[in-house]
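Have a look at the structure below, then the notes.
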Amino acid sequence: MEKDEIHLRRLPAAAPWGPHADSEFHGVDFLAEDLNVAPEETGMRVNKKYSRPPTEEKGIHIINIRAIEDIGYDQHESTLLNSLSKNPDADCKYGLYFRDGKRKVDYILVYQYKKSSTGRTLTKRVHHNDSSVRSTKQDQPLPGKGVQLEMGECEPHVDYHEDDKRFRREEYEGNLVEAGLELERDEDTKIHGVGFVKIHAPWNVLCREAEFLKLKMPTKKMYQINQTHGLLKKINSVIQKITEPIQPKVAEHKPQTVKRLSYPFSREKQHLFDLSDRDSFFDSKTRSTIVYEILKRTTCTKAKYSMGITSLLANGVYSAAYPLHDGDYEGENVEPNDRKLLCEEWASYGVFYKYQPIDLVRKYFGEKIGLYFAWLGVYTQMLIPASIVGIIVFLYGCATVDENIPSMEMCDQRNNITMCPLCDRTCSYWKMSSACATARASHLFDNPATVFFSVFMALWAATFMEHWKRKQMRLNYRWDLTGFEEEEDHPRAEYEAKVLKKSLRKEHKHKETDKEKLTWKDRFPAYLTNFVGIIFMVGLTFAIVFGVIIYRISTAAALAISSTPSGRSSVRVTVTATAVIINLVVIIILDEVYGCIARWLTQIEVPKTDKNFEERLIFKAFLLKFVNAYTPIFYVAFFKGRFVGRPGDYVYIFHSFRMEECAPGGCLMELCIQLSIIMLGKQLIQNNLFEIGIPKMKKFIRYLKLKRRRSLDHEEHLKKKQRYEVDYNLEPFAGLTPEYMEMIIQFGFVTLFVASFPLAPLFALLNNIIEIRLDAKKFVTELRRPVAVRAKDIGIWYNILRGIGKLAVIINAFVISFTSDFIPRLVYLYMYSENGTMHGFVNHTLSSFNVSDFQAGTAPNDPMDLGYEVQICRYKDYREPPWSENKYDISKDFWAVLAARLAFVIVFQNLVMFMSDFVDWIIPDIPKDISQQIHKEKVLMVEVFMREEQGKLQMLETWKDKDKKKGENCNNHSPRLSRSRSGSLSSCHSYPLDV
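Each step along the sequence shown adds one to the number in our numbering, with nothing skipped, and position 260 is 282.
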């Protein structure tokens, strides 16, 4: 063939269409037989190629691309083709449908491919702004659609790794077609080197898979939902009118009076279901779930081991797989869709005061994500009464601070109480009245109302759990999840690969390989690594906390040496604040590190299913993050100031640093500071700033990359992006574990140490109001649409919440008993007070020390710092005075207070536990009206089937009667029939009934 010729051939319809067609046709594009063919017809021809070859004798021309390039095929000729066709992007709603504009895209597979610069130029020249050409370009077999050069002409470098990926894609996509799915490819996109495979599930496949998955679908039968009567009806109507302004304006959120009866879908019983509109019978969420199940089940076996979609993604054969969003959520000419509605009524900060449209969230994202947001909404609502009570407790402390006798005694300068030095040599004696501000601030959180608030919060936690169980049952009923049981998932690809390797090893040794599985022996190295790794991480957390303690001690000593007299009074506040900030930074960094380590430890265990993987990951991540977040708080609450020793016999670290002491008002104030800074810091920095800042930064980086590409591909920039291209640029969904984890840690802050910080529920409430809208905006606008997952509960998180609730009772009992001065005050009031008041309590809690008993080199360098010589100094402890026979020994007052503290812990713990269990028992898990409705559904379902059986029996009886009458007629005419030996006897022949 000459170089300047346009070479035309006729290709019969029976020509090979496989991935390895004759190389003679490589490097060519296929055009419609003539330009009179409508684009729609061309599109239909393209889309049918995957299911069956055309039966009619059709042909298409093959045009040599190199010849076109050489004769100067330019933009002018392309414009001529444009005039004969219309833009197919509008017909397919810019990627929401196949090119024919009729079949909906249910799922997208994305892959990377390498294309030479020459090939890309040719593609542009032929297909720029030409819809019919672009459509027919897809006539090449899956997966390759890019232009290739003919053999022997500028042969490109062979990339065997890319070829291997391509062969795997071809086999996998062929298997998907065999499973009944319909595929369509698009490589002519604005993203260089990225191809998209669009997947559509036809009606018969949807019906088949819905039956396999036992999906409950609404039937034609409708029934009335039981309504309240009398006083309750009036109360509900009043509540509805009051709450109407805070209800979202979505149809799904309106109260229902009727409900469709649901039943697991069955192809044999299709007459039960309302199939008047087949396009909307399976919504987009259900369709994507069905396709994802097929993707998980389908494998390609030509690789070293069987690979499902998860393995193909992990090995880079595909770079992404996701369902499409319903459309755009902003813009002038955006068609109404669920995504846009969610953005307006849910994912906006302007509607923070409204209820969430949970039913619409479930409809769009699935039950699992719907349950998360429903749980978060219930938790946030329950924080409102807790916040109100916490504010009242705090205000009570503010109102009674001037009436608190112990703090008044500490602030009274007339008492002239001289305290022992806080450090060796450099620190001098000091007046107790200098700690007046700390003592008054401690009363805000350490008062009798704190005990009441601790009991209240324990009961609040139990009530919250019961309320959520009831809410969960209501949602299960509304979402047709009653009776739903999670079936065992498909084995994970990593598990199957490990089992295959084990089988191959046994085959090599000529052993039996049937029903091979991983045993504890196979996993023992992983279990050992997990155990050692977790112990190491916990030890690392303790080491860091210990390092912060050393920092506090050394910094306090250094500031005491160098500070001015006015600065020395603020040493404790300065050291505490800086140490807490260091703790906060370390916690935030380790949180990210521990999350990655927990995932790695779970991966080496090779759990069998995704559910097992998720549960093990959650357990490890929660354990590590719990220890990381609460270890500094546990230290302040239960260890600081407990192992100090006494003047003249202090406990030293590294023989040089004295252990920390609590402030004169106790460690509760410091615990409050520690808890508040860590809680607020985590919420502001980790939860909100990271969730807002990092996605925005990633989005900006992607925008810069795309802008750079657009400058290189100006022609492609003129085209509007397809829906799957836009979604590809969004962040992939990483699961709900991070979302749950931050809320569970917050729940711990709210309940575990609430005795020291009554305002914790208030700050949690304010955070969650923002968090709900922040998460909603992230799911709607910044993440790819997740695959909808059916779930009837929140899984292992419920057990973790219950565990934290039980632990909170014990911890608050110890905080009140050992960290606060509540028990010492009660003991003094009822055992030692002379007039039945708290006068003299401060003096009672202080022991005396003779300064002559200081160890050598530990006495203050300036003993006259207060202006007089000190003979006796005081320190907080229950010890015998220096003039006693057993001087400095623990006094009997200490044992009396200790006994009272332990007794309080036992009584408080058992009483609150009993009350919590009583709340659990008195509140039924299933609301009465829901149990009645579930029973009613069962009865109605039985009635439907009984009516159907009766109809069948009546039809059978009718047929029998007709058959009987025919028999009688034949008997009546039997004499005639006996004479006639013709074929008329066949008219009385009875046929068997096919019942």
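Here a beta-carbon is modelled for each residue, glycine too, at the ideal position from N, C-alpha and C. Given the structure is predicted, the values throughout are model-derived calculations rather than measurements.
Check, Outcome
"Residue burial classification, Thr-323 (beta-carbon count within 10 angstroms, cutoff 16)", "exposed"
"Short Cβ contact (8 Å threshold) for Leu-203 with Ile-316", "yes"
"Nearest-angstrom Cβ-Cβ length linking Gly-399 and Ile-794, presumed shorter than 8 Å", "7 Å"
"Status (buried if at least 16 other CB within 10 Å, exposed otherwise) for Phe-553", "exposed"
"Among Gln-708, Cys-689, Ala-786 and Tyr-499, the one whose alpha carbon lies nearest that of Ile-410", "Ala-786"
"Gly-166 in three-state terms, based on DSSP", "Unreliable placement is indicated for Gly-166, whose pLDDT of 40 sits below 50; no coordinate value is reported for it."
"Within 8 Å, strictly: CB atoms of Lys-662 and Glu-682", "yes"
"Length at least 4, wholly inside the segment 209 to 296: the alpha helix (DSSP H) runs in chain order", "225 to 235 and 253 to 265"
"Distance, Phe-656 Cα to Val-649 Cα", "10 Å"
"Of the listed residues Ala-922, Val-964, Gly-889 and Asp-915, nearest to Tyr-451 (C-alpha basis)", "Gly-889"
"Met-454 classed as buried or exposed, judged by whether at least 16 other C-beta atoms fall within 10 angstroms", "buried"
"For Asp-305, the nearest candidate out of Ala-336, Leu-346, Tyr-340 and Ile-268 (CA to CA)", "Leu-346"
"Proximity below 8 Å, CB of Phe-706 to CB of Gly-412", "The sequence shown places Leu at residue 706, rather than the Phe named in the question. No, the pair does not count as a contact, with Cβ atoms beyond the cut-off."
"Complete runs of the alpha helix (DSSP H) confined to the segment 738 to 769 [at least 4 residues]", "745 to 750"
"For Ser-953 and Phe-486, the rounded distance between their alpha carbons", "21 Å"
"Length of the line joining the Cα atoms of Ala-54 and Ile-221", "Unreliable positioning characterises Ala-54 in this predicted model, as indicated by a pLDDT of 37, which lies under 50. A coordinate reading is not provided."
"Neighbour-count burial assignment, Met-441, 16 or more Cβ in a 10 Å radius", "buried"
"Cβ neighbours of Ile-427 in the same chain (closer than 8 Å, five flanking residues each side left out)", "Thr-859, Met-860, His-861 and Phe-863"
"Integer-rounded CB distance, given that Gly-217 should sit under 8 Å from Arg-207", "7 Å"
"Val-199 versus Val-313: straight-line alpha-carbon distance, rounded", "12 Å"
"Which of helix, strand or coil DSSP assigns to Gly-667", "strand"
"Exposed unless 16 or more other CB atoms sit within 10 angstroms - verdict on Tyr-854", "exposed"
"DSSP state of Thr-323 mapped onto helix, strand, coil", "coil"
"Contact under 8 Å by Cβ, Ala-921 with Thr-759", "no"
"Test: Trp-981 CB closer than 8 Å to a CB of chain D", "Of the chains in the structure shown, none is chain D; there is only one protein chain."
"Assigned exposure category for Ser-284 - 16 Cβ within 10 Å defines buried", "buried"
"Pair within 8 Å by beta-carbon distance, Val-776 and Met-479", "yes"
"Nearest residue (CA-CA) to Trp-943, options Lys-491, Met-404 and His-293", "Lys-491"
"Integer-rounded CB distance, given that Leu-711 should sit under 8 Å from Val-628", "Not confirmed; about 36 Å, so no contact."
"Opposing strand residues paired with Cys-445 [DSSP bridges]", "In DSSP, Cys-445 forms no bridge with anything."
"Every unbroken alpha helix (DSSP H) inside the segment 357 to 412 [4 residues or more]", "360 to 367 and 380 to 387"
"Residues of its chain near Glu-24, where Cβ-Cβ distance is below 6 Å and the 5 sequence neighbours each way are ignored", "With a pLDDT of 40 at Glu-24, under the threshold of 50, the modelled position of that residue is not reliable, and the figure given next carries that caveat. Result list for Glu-24: empty, nothing under 6 Å."
"Per-residue DSSP class, three states only, for Val-132", "strand"
"Proximal residues to Ala-336 (C-beta, below 6 Å), its chain only, five neighbours per side dropped", "none"
"Best match in Glu-389, Tyr-820 and Met-430 for proximity to Asp-502 [C-alpha to C-alpha]", "Glu-389"
"Under the three-state DSSP convention, the category Ile-90 falls into", "Because the pLDDT at Ile-90 is just 33, under 50, the model does not fix this residue reliably, and the point stays unresolved."
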